[in-house]
Amino acid sequence: MDKKEIGLNAGKVWQLLSNNEKWGYGVLKRKSGLKDKELGAALGWLSRENKIEFDQCNDELYVYLCVNVYIG
0 MDKKEIGLNA GKVWQLLSNN EKWGYGVLKR KSGLKDKELG AALGWLSREN
50 KIEFDQCNDE LYVYLCVNVY IG
């Protein structure tokens with residue numbers, strides 16, 4: 000797996016998250032068709048860019064897009 004593939008996978012995950020809902024990790028994995036390692040790298044990429052947030056509820060990890068509002 001290289002940076003290009005990770006970036007493409009991050010784009011795939013971004014598209015799924017673009018409906019502005021919280022996605023459970025398992026659902027996101029199933030819908031994206033990515034393996035754990037690929038999904039983890041894609042989420043890391045998006046997290047490093049401050050594009051996503053994580054929410055832990057009981058034993059489930061949820062992921063959703065950040066809403067960045069800049070007033071300038």
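Numbering that gives the first Met the number 0 puts the first residue of the sequence shown at 0, with every later residue one more than the last. Glycine residues also receive a C-beta, built at the ideal position from the N, C-alpha and C atoms.
Local conformation of residue i per DSSP, three classes
{"i": "V26", "result": "helix"}
{"i": "V12", "result": "helix"}
CB of residue i within 9 Å of CB of residue j, strictly
{"i": "L27", "j": "N8", "result": "no"}
{"i": "W22", "j": "V66", "result": "no"}
{"i": "W13", "j": "L64", "result": "yes"}
{"i": "L33", "j": "K3", "result": "no"}
CA-to-CA distance, residue j to residue i, given in whole angstroms
{"i": "S31", "j": "L45", "result": "15 Å"}
{"i": "I5", "j": "A41", "result": "6 Å"}
{"i": "Q55", "j": "D1", "result": "29 Å"}
{"i": "R47", "j": "G25", "result": "21 Å"}
Supposed contact pair residue j and residue i - C-beta distance, whole angstroms, cut 8 Å
{"i": "I51", "j": "L15", "result": "Their Cβ separation, rounded to whole angstroms, is 11 Å, which puts I51 and L15 out of contact at 8 Å."}
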